[in-house]
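Note that the numbering used here numbers the sequence shown so that position 121 is 112, with each residue one more than the last. A quick write-up on the structure given underneath.
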Amino acid sequence: MHDYSIKKIAWQIFNKEKWWDVLSKFIYVLRMNIFIVDKYGYVILPPDETKFGGRFYTERTLGAKLLHNVDDPIAHFTKHGNFYEYVDRFDLHVFAIPVIIQQDQLVAYMMVGPVAVAKKMTNEQYRDMAANVGVDADVLLECIYEIRTVSHLMMNSILELLSEIIKDNIELNSKIQDLDKMKGEKNDPFVQEFKDFAKDIYSTVRLDELLITLLDIALSMTNTECGSIMVIDEVSAEMSIKAARGLDSTVISSSRVKIGESVAGIAFRENKEFIINGTPIHDDLSPHLSRPEIRNALVMPLTSKDKVFGVLNLHTKTSGDTIRENLDNLRHLTKLLASAF
């Protein structure tokens, strides 16, 4: 039996006016289909059937059944850690992120995919599969072509960051709603000023939490042990550290970087990433490479709405990092973070 109060909460949280735009940005950045169902499987925000494998959900001839099992939307999924995974008959993967609110109440799932994990099969293999199940091979190949291929590590990183973004969005909106319910004269400038100030604080806290999540994912993905994310202060035109791992606390609290100064400042000014492994690749960098113990480093600008707002710094003192191999993955993750604002 369905708890209609939970259904109502889910539909209120993911109202189309706000979340349709958010999901569209996620889909554009990740090149993956994303949609929302409540805990009973009713679609709140549908998949985009025009791109990234959306037809697997909307065309029954392709064997989709995820949108047709109303009682339990993850009946065909397997739980892995905090997320769920479903593999269809064409070896395509769909992932489910549980949406949990206060008191550990499950209200909905964010569905991500389909994607090919590790690699796609050959066209001939897909044609054989299509023949075996009575599907038009050309239609199948057309759908397969637009589906993204990702590694297990990248997919897990995407799920972690999406999960954090969802949680923070829900918490922020809840705080804002609480503020809007505050008693006081509707036109009282003091009350409105306090509300605006509190909303700014909640937004700042939310950004800091997302930056920490992004940094942890980036360190794990690249097998590096030290890193930070610096964000610009528009007033002072200086960057300060908002998230850090493996750095001394005095460095974190005292670091201030002007645009154009140091490697991070140059990366910010030029909106250009640098991989540094002891050999300067930019004339302006030479004076700033004073730490020979660092084996490899990445400095990557962070942008939102075509404007640089900070810099991601990663470095390692040991060998075995995978910075260069994961550059494209990091670009996608930083764009995903930026799309949340």
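Glycine is no exception: its CB is placed at the ideal position from the N, C-alpha and C atoms. Since this is a predicted model, take the numbers as computed values, not measurements.
CB contact below 8 Å: residue i versus chain C
i: N73; result: Checking the listed chains, one finds no chain C in this structure; it contains a single protein chain.
Cβ neighbours of residue i in the same chain (closer than 6 Å, five flanking residues each side left out)
i: L97; result: K30, P89 and I91
i: V28; result: V34, P64 and Y100
i: S211; result: none
i: T289; result: With the sequence shown as reference, residue 289 is identified as Leu, and Thr is not the correct amino acid for it. So the list reads I266, L305 and I314, once near-sequence residues are dropped.
i: M230; result: M221, I223 and V248
i: D82; result: none
i: M291; result: E264 and L303
i: I(-3); result: V98
i: K326; result: V20
i: R118; result: A128
Residue i in three-state terms, based on DSSP
i: H84; result: strand
i: M212; result: helix
i: I18; result: helix
i: R335; result: Here the chain covers residues -8 to 332 and nothing more, so residue 335 does not appear.
i: D63; result: coil
i: N73; result: coil
i: D29; result: strand
i: L170; result: Summary for L170: the model assigns pLDDT 47, below 50, so the residue's position carries little reliability, and this model does not support an answer.
i: I314; result: coil
i: D319; result: helix
i: V182; result: With a pLDDT of only 45 at V182, under 50, the local geometry of the prediction cannot be trusted, and the value read off the model is given with reservation. V182 falls in the helix class under three-state DSSP.
i: D224; result: strand
i: K(-2); result: helix
i: F47; result: helix
i: M23; result: coil
i: K42; result: coil
i: A235; result: strand
i: N6; result: coil
i: T204; result: helix
i: T52; result: helix
i: A288; result: strand
i: T307; result: strand
Candidates the options: closest to residue i by CA position
i: S227; options: R247, S219 and N214; result: R247
i: D398; options: L198, V13, I161 and V141; result: One cannot answer for residue 398 here, as it falls past the ends of the chain, which runs -8 to 332.
i: I4; options: T307, K158 and T294; result: K158
i: R51; options: D12, D127 and R118; result: D127
i: E155; options: T204, Q94 and F300; result: T204
i: A331; options: N287, Q116, L132 and L202; result: L202
i: I135; options: K298, T41 and G311; result: T41
i: R80; options: I257, A234 and L131; result: L131
i: E225; options: K298, S244, N262 and D12; result: K298
Residues near residue i by beta carbon distance below 8 Å, same chain, minus five either side
i: S148; result: I208, S211, M212, N320 and L324
Proximal residues to residue i (C-beta, below 7 Å), its chain only, five neighbours per side dropped
i: L328; result: L152, L201 and L205
Next on the checklist: Please give the ranges of any beta strand (DSSP E) in the stretch 239 to 271, keeping only runs that are unbroken, at least 3 residues long and fully inside the region.
Outcome noted: 247 to 249 and 265 to 267
Next on the checklist: Ignoring anything shorter than 4 residues, give me the alpha helix (DSSP H) runs that lie fully in the stretch 79 to 126, in order along the chain.
Outcome noted: 114 to 124
Item to check | the stretch 10 to 25 contacting the stretch 100 to 114, beta-carbon criterion three pairs below 8 Å | outcome: yes
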